[in-house]
Every structure is written in C-alpha cells, then in structure tokens.
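K.L.:
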Amino acid sequence: MEQNVEATAPLVLLVTSKEWAEGEPGHAALDRALEANGLEGRWVVWDDLSVDWGAADVIAVRSTWDYDTRLGEFLGWASGVGPALLNGAHVFRWNTDKQYLVELQDAGLPVVPTVAAETVFDVRAAADRFGLSVVKPRVGAGGRHIEVVSDGRVWLPQPDGHQGPWIVQPLVESIHHDGETSVFVIGGHPVSQVEKLPSTTDIRVHEQFGGTARSVELSSEAALLAADAIATVVDLLGAEVVYGRVDMMRHHGKLVVSEVELTEPGLYLDVLPLNALPFAEAIANRAVPRTW
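Residues 7 to 298 in the numbering used here are what the sequence shown lists, from first letter to last.
Written out as structure tokens, the structure reads:
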C-alpha cells in the first residue's frame with residue numbers, strides 16, 4: 007500500500023546576532039525572495055541554545071556582527087552545526103583572521119599591501135616603512151578599533167583599544183575621494199556593486215561612522231578582480247564559496263583588494279534589494295525539500 011508523502015518547504019535558518027535579531031538591514035527583500043523560491047526562511051540568533059540547527063536544510067550566516075569579541079565561541083558553533091552551513095567553519099576560521107590578506111597577497115592577488123604584526127615592535131616597523139598607516143585588529147568587525155598612525159616609531163596601542171595582534175597597511179589616499187568599492191559574488195558570479203564613501207572626518211565607510219553607500223553599475227574591472235579574489239580563495243582552501251563580498255580600493259591608479267568578506271558580509275539590501283534574488287537562488291539550489 008502506497009503512503010502519501012507530503013513535501014514541506016525547505017527550512018533556511020538565517021543566522022544573526024542579538025543586536026540584529028530581526029535580521030540585517032533591508033532583510034524584508036531577502037524574506038520575500040526566499041518565499042518566492044519556495045523556501046521557509048527564519049532569522050535566528052547564533053548563540054540561542056533553543057535553536058534546532060539539525061532541522062535546517064540550509065544555514066546561512068548573515069549578520070553575526072558580534073563574532074569578533076567571541077571568536078572562539080562563534081567558530082565552535084560553526085563547527086558544530088553540520089554540513090548545512092554555507093561556506094562553512096573552515097572558511098570562517100580562515101576569513102575571520104585578517105592575516106588572510108597576506109596569504110592572498112603572496113598568492114599574487116592585487117591587495118592593499120598588508121603586514122601581519124604580533125607585537126608593538128612589529129607594528130612600529132611596518133608603519134615606519136609605510137609612512138601614514140592604518141592599524142587594524144586581525145580579528146575585527148564593523149570598523150572597530152581601527153587607528154590611523156602618522157609616526158610608527160612612537161606608536162602604542164590605546165589603553166582602551168585593541169591589544170593585538172594586528173595588521174598594518176598604508177593609508178590608501180583615494181579613500182578620501184573615491185571611497186571603497188564592494189562587489190557581491192554569489193554562486194561564483196559577480197552580481198552587483200556598491201560604492202561607499204567615508205565622512206569628511208573619518209576613513210571608515212561604515213554607516214555608524216558617518217559613511218554612505220550607493221548602488222552603481224557593475225564595472226568589468228571590479229567584477230574581474232572580485233571573481234579572481236574568490237577563485238584565489240577557492241584554490242587556497244579547496245572549499246566551496248557560495249557567497250562573498252569583495253571590498254576594493256584604488257591604489258596607485260589600480261583596483262586592489264582591501265577585504266574579502268566570506269563569513270557575515272552585509273548584502274546592503276537596504277541599498278541593493280535586488281541582491282536578495284541571486285542569494286535566494288543560490289540557497290534554493292542547495293536546498294532539498296523535506297518529506298514527511
């Protein structure tokens with residue numbers, strides 16, 4: 007006797023943090039796109055012990071923007087939720103330490119020159135060599151604890167600032183007038199681009215520091231660099247990269263990579279709501295309906 011098997015919509019858990027419990031800015035566009043693809047999307051906080059991760063068909067990290075203060079816990083969570091997690095713990099472990107920029111640089115990708123610094127003396131030496139420099143935590147998010155250093159010879163970390171390790175880069179002068187460009191790569195394909203400008207009193211393009219973002223037409227130059235960056239990561243890690251955002255600046259007239267965000271890159275859905283469509287399609291391609 008045949009049994010009736012009823013298919014239910016694949017469950018997609020969109021992972022966020024307590025501060026963004028409702029979802030990333032513009033999340034309604036993603037919610038609609040998932041529904042249009044026959045998926046059940048649900049926003050959940052990554053450290054909520056009541057979440058049944060095993061019930062998910064796909065787990066997509068979206069706005070876990072507190073990971074930098076709890077990296078060990080976050081990576082432990084990522085390692086324990088299973089194969090439904092897009093990009094995955096191996097990629098996250100590599101990507102949450104900005105030393106990855108040195109690896110990309112060594113692999114031949116055009117990158118803002120980057121030095122990894124373990125000690126104050128390492129920072130001083132690199133900043134002295136670069137001149138006007140930017141010092142960033144190796145594990146950091148949201149532009150927190152970034153410093154501009156004009157004289158590396160006397161630099162010391164702020165008492166209430168990051169105490170290391172760090173990366174050191176030259177201050178890219180074009181940040182003041184060209185800002186930073188971001189290209190979104192989803193399912194292996196560059197799909198869109200935003201330009202971000204800092205305020206007149208900061209170098210950070212983040213909104214909380216006065217930065218602004220606007221959608222622009224995807225340029226062939228930026229798309230090519232973004233695709234090359236993701237392909238380089240895939241070669242280095244031997245892992246699938248389902249989604250990513252490649253940030254870049256113009257240094258000495260040439261676009262170079264400033265970040266490759268593969269863990270929790272904001273999709274800028276409030277500026278580019280159409281980003282929800284390829285992201286939802288990429289999830290749908292990896293989701294299998296459950297049967298009961």
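C-beta atoms are modelled at their ideal positions from N, C-alpha and C, and glycine is treated no differently.
#1: Note the first and the last residue of the continuous beta strand (DSSP E) segment covering Gly86.
#2: Relative to the alpha-carbon of His151, which residue among Val141, Arg159, Asp37 has its alpha-carbon at the smallest distance?
#3: Between Pro31 and the rest of its own chain, which residues show a CB-CB distance below 6 Å, the 5 nearest in sequence each way excluded?
#4: May I ask you to check if the CB of Leu110 is nearer than 7 Å to at least one heavy atom of the ligand MN?
#5: Assuming Gly262 contacts Ala232 (C-beta within less than 8 Å), just tell me the rounded distance between them.
#6: Report the residue from Leu107, Glu267, Met254 whose alpha carbon sits nearest the alpha carbon of Val247.
#7: Taking 7 Å as the limit between beta carbons, can you name the residues of its chain near Arg72, skipping five residues before and five after?
#8: Please state whether the Cβ-Cβ distance between Leu288 and Gly193 is less than 8 Å.
#9: Using only the alpha-carbon positions, how far apart do Val11 and Trp59 sit?
#10: Do Leu278 and Val5 have their beta-carbon atoms positioned less than 8 Å apart in this structure?
#11: Can you tell me the Cα-Cα spacing of Ala42 and Gln169, whole angstroms?
#12: Is it buried or exposed for Asn291, if we count other Cβ within 10 angstroms and need 16 for buried?
#13: Is it true that the CB of Ser198 sits closer than 8 Å to the CB of Leu280?
#14: Output needed for Val253: all residues of its chain with C-beta closer than 6 Å, excluding positions within five of it in sequence on either side, in chain order.
#15: Name the one or two DSSP bridge partners that Ile192 has.
#16: Could you check what DSSP says for Leu203 in three-state terms: helix, strand or coil?
#17: Between Glu79 and the rest of its own chain, which residues show a CB-CB distance below 8 Å, the 5 nearest in sequence each way excluded?
#18: Let me check understanding here. Comparing Cα to Cα, which of Arg130, Val117, His257, Asp63 lies closest to Leu45?
#19: Going by DSSP in three states, Arg68 sits in which element: helix, strand or coil?
#20: Return the CA-CA distance between Pro16 and Leu36, expressed in angstroms with no decimal places.
#21: Name the residue from Asp134, Gly259, Leu55, Tyr274 whose alpha carbon lies nearest to the alpha carbon of Val117.
P.N.:
So, from the listed chains and residues:
#1: Careful: Gly86 lies outside any beta strand (DSSP E), inside the alpha helix (DSSP H) at 77-86.
#2: Closest option to His151, Cα to Cα, is Val141.
#3: Non-local beta-carbon contacts of Pro31 in its own chain, meaning distances under 6 Å to residues more than five positions away in sequence, involve Asp276 in chain order.
#4: The ligand content of the structure shown is nil, which means the ligand MN is not present either.
#5: Note that residue 262 is Val in the sequence shown, not Gly. About 12 Å separates the CB atoms of Val262 and Ala232; that is not less than 8 Å, and the two are not in contact.
#6: By alpha-carbon distance to Val247, the top candidate from Leu107, Glu267, Met254 is Glu267.
#7: Before going on, a small fix: residue 72 reads as Asp here, not Arg. The answer, listed in chain order, is Ser23, Glu25.
#8: One detail in the question is off: residue 288 reads as Ala in this sequence, not Leu. Using a Cβ distance threshold of 8 Å, Ala288 and Gly193 count as a contacting pair.
#9: Summary for Val11: the model assigns pLDDT 49, below 50, so the residue's position carries little reliability, and this model does not support an answer.
#10: With the chain covering only 7 through 298, there is no way to say anything about residue 5.
#11: Computed Cα separation, rounded: 46 Å.
#12: Asn291 comes out exposed.
#13: Taking 8 Å as the Cβ cut-off, Leu280 and Ser198 qualify as a contacting pair.
#14: It is worth fixing the name first, because residue 253 is Asp in this sequence and not Val. Excluding residues within five positions, the ones whose Cβ falls inside 6 Å are Glu186, Ser188, Ser264, Glu265.
#15: DSSP output for Ile192 lists His195, Tyr249 as bridge partner(s).
#16: Correct three-state label for Leu203: strand.
#17: Once the five neighbours on either side are set aside, the close Cβ partners of Glu79 are Asp53.
#18: Each of Arg130, Val117, His257, Asp63 was checked against the Cα of Leu45, and the nearest Cα belongs to Asp63.
#19: It is a strand residue.
#20: Rounded to whole angstroms, Pro16 to Leu36 spans 15 Å at the Cα level.
#21: That would be Gly259, whose Cα lies nearest to the Cα of Val117.
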